[in-house]
Amino acid sequence: MTNPPGERRVLLNDFAAQWREVGPDVHAAVERVGASGWYVLGEETRRFERRLGEAWGLPFVVGVASGMDALEIALRCLGLSAGEKVLTTPLSAFATTLAAMRGGAVPVFVDTDETGLMDLSLAREALRADPSIRFLVPVHLYGHSLDLAELESLAGEFGVAVVEDCAQAIGARSGGRAVGTVGAAAALSFYPTKNLGAMGDGGAVATPSPEVDRKARALRNYGQSARYVHDESGLNSRLDEIHAAILSTALLPRLEAWTGRRRAIAARYREALRGAAVDLPPVPEGSESVWHLFPVLVDDGRRDDFMQHLRTRQIEAGVHYPVLIPDQRALRQYGRWEVRGGLSRARRYAAGEVSLPIHPHLSDDDVGRVIEAVRDWRCGC
Ligand SMILES: *Cc1c(COP(=O)(O)O)cnc(C)c1O
């Protein structure tokens, strides 16, 4: 079937549709902050931190300026210093590794498993082989949860400080527990495309530890522990009141419904795309995913053809991620990193992953169009 001309594009993210839903509540939040006359680190930030902590089940949440800052601050709170090794995944947003680099660390990479997430048995081997690795930054990629019991046991057995990168996975669970609750700290991003996406940058550190909470509060504010007292060189990384207000009264209250919609779309895709010419990668065992992205895999060399086909059907798609982190020039220039073993499974994702639209404002009709387009694809290569 060919497209009627002028057919509405199916977008990867539909911020205009989100605005139609949240706009009035955002206006009210802005009005509240404007009238309060208090714009940085005030009551709105405290309230949002409290509400997010309640929703997440973690006692301490510290609002910061971005997800990347949240990772850096969490690592530094746990004692990261220059030259320390940080075990992480080669398949993620570059920010995951960049945060460790900013702390002066040596990133160490192991391959993913077939789900695209860090292979925790390879992580175990790396930790066993090298006791100088004292930090672990696993990523709950695509909105899936890694095996949290296994993460917890790695932390206990090897005494590593775990910072869970939850930027894509707020609300995801595994074994009855929420991501972010087994590490010493967790990092969250409110970048607009994320499941709890604000209208600009923002992030948060979450932790069960009052000590990490105290340090993170200092580090986000120039390392200030009391007024005009700087015991550490911190960052300027504060979540401002406008964003805290928007997040707590316009966005966070909708997250559960939005996640439900993402899950319904994922279930429909997984049912309807069986037997299509793309592979549906497995989901980590036990993961109750929040489907930040919906990854499919196509064979090496066919991605351009598939994406071109989707474009002719007015469907936008993405790639997460086309280049592995250890292949990035910025890391090469930094000069310090280690790769343990081959990265062939991560490379399969880098070569063949395509993310289909799965945001909560897709209509049933949009989802049907994506399914039909994927099912109709035969590689012209
Ligand atoms: C988005 C993202 C980050 C970085 O968050 P920012 O708010 O953009 O700094 C880190 N890790 C992962 C997995 C992400 O998806």
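Numbered according to this note's numbering, the sequence shown spans residues 47 to 427.
Backbone N, C-alpha and C fix where the C-beta goes; we use that ideal spot for every residue, glycine too.
Keep in mind it's a predicted model, so treat the numbers as computed, not measured.
Could you pull out every residue in the same chain whose Cβ sits closer than 7 Å to the Cβ of residue i, ignoring the five residues on either side in sequence?
| i | result |
| --- | --- |
| Val108 | Glu95, Ala250, Val251, Asp259, Ala262, Arg263, Arg266 |
| Phe340 | Ala312, Tyr315, Ser401, Leu402, Ile404 |
| Gln354 | none |
| Leu234 | Gly113, Ala116, Cys212, Ala213, Ile216, Gly249, Ala250, Ala252 |
| Leu326 | Arg316, Leu319, Val342 |
Where does residue i sit, in a helix, a strand or coil, going by DSSP?
| i | result |
| --- | --- |
| Phe106 | strand |
| Val185 | strand |
| Met164 | strand |
| Phe352 | helix |
| Gln379 | helix |
| Arg421 | helix |
| Arg55 | coil |
| His276 | strand |
| Thr158 | strand |
| Gly202 | helix |
For residue i, count neighbouring C-beta atoms within 10 Å of its own C-beta (all shown protein chains included) and say buried if the count is 16 or more, exposed if not.
| i | result |
| --- | --- |
| Trp65 | exposed |
| Tyr188 | buried |
| Ala81 | exposed |
| Cys427 | exposed |
| Trp102 | buried |
| Arg424 | exposed |
| Ala73 | Ala is not the amino acid found at residue 73; the sequence shown has His there. With fewer than 16 Cβ atoms within 10 Å of its Cβ, His73 is classed as exposed. |
| Val86 | exposed |
| Ala128 | exposed |
Following the continuous beta strand (DSSP E) through residue i, name the residue where it begins and the one where it ends.
| i | result |
| --- | --- |
| Glu67 | Here Glu67 belongs to no beta strand (DSSP E); instead the alpha helix (DSSP H) covers 61-82. |
| Gly249 | 249-253 |
| Leu234 | 231-235 |
| Ala207 | 207-211 |
| Thr134 | 131-134 |
| Ser401 | 399-402 |
| Leu343 | 340-343 |
In terms of alpha-carbon separation, which member of the options lies closest to residue i?
| i | options | result |
| --- | --- | --- |
| Arg349 | Leu133, Pro153, Ala363 | Ala363 |
| Glu302 | Leu242, Arg320, Asp373, Gly332 | Leu242 |
| Leu370 | Glu77, Gly248, Val154, Val110 | Val154 |
| Val413 | Gly347, Arg308, Ala128 | Arg308 |
| Asp60 | Gly269, Pro330, Ala244 | Ala244 |
| Ser255 | Ala232, Leu356, Trp84, Glu67 | Ala232 |
| Asp157 | Arg174, Leu389, His190 | Leu389 |
| Val365 | Val76, Ala75, Leu137, Glu67 | Leu137 |
| Phe236 | Ser220, Arg284, Leu200, Gly269 | Arg284 |
Within its chain, find whatever has a CB closer than 6 Å to the CB of residue i; leave out the 5 residues flanking it on each side and keep chain order.
| i | result |
| --- | --- |
| Met47 | Residue placement at Met47 is poorly supported in this model, since its pLDDT is 46, which falls under 50; the coordinates still yield a value, given next. Closer than 6 Å at Cβ, skipping near neighbours: no residue. |
| Ala145 | Met114, Leu117, Glu118 |
| Arg55 | Gln360 |
| Ala207 | Leu124, Phe181, Ala230 |
| Arg386 | Val156, Ala172 |
Provide the residue span of the alpha helix (DSSP H) that contains residue i, from first to last.
| i | result |
| --- | --- |
| Val258 | 256-265 |
| Ala310 | 301-318 |
| Ala139 | Unbroken run through Ala139: none, as it is neither H nor E. |
| Leu117 | 113-123 |
| His289 | 287-292 |
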